[in-house]
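Please read the structure below before turning to the comments.
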Amino acid sequence: QVNVVESGGGLVQPGGSVRLSCAASTAILGINVMGWYRQAPGKERELVATITSGGTINYLDSVKGRFTIYRDNAKKMVYLQMNSLKPEDTAVYYCRMVFTTYGERWGQGTLVTVSS
């Protein structure tokens, strides 16, 4: 069974920062794409940031310059550093990994609430 598990999140004030982490439960090599998605109440899930095994990064326009995605291939982890948070960033954030062998796996989600 291959799983991905997020950590981080919680309540943060506007303008604050938080880092999300996501780990794969397997030491198997070959994770093609790692990424973060989010779903706000009443809205569809949207891509926030992705990073490929080759290091190509893609961001949602509204988070460019504020969020940074990076990965640690040795630890099979991906991170999302979120700075200058806004109330509209409030959402459940999901980690997604695409394994060469097993296909895609989603985490259970972690809630980030930006509020004063």
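The numbering of the sequence shown is the numbering used here, which starts it at 53 and goes up by one.
Built from N, CA and C at the ideal position, the CB exists for glycine as well.
Contact between G159 and V56 holds: CB atoms are separated by about 5 Å, below the 8 Å threshold.
DSSP places V166 within a strand segment (E or B) once states are collapsed to three. CA-to-CA, the gap between K95 and T142 works out to about 11 Å. Within the DSSP bridge table, the entry for G106 names no partner. DSSP links Y146 through a beta bridge to Y89. In the three-state DSSP reduction, E98 falls in the strand class (E or B).
Counted as a single uninterrupted DSSP element, the stretch harbouring Y154 is not any beta strand (DSSP E), since DSSP gives it neither H nor E.
Contact annotation: W88 and L137 have beta-carbon atoms that are not nearer than 7 Å.
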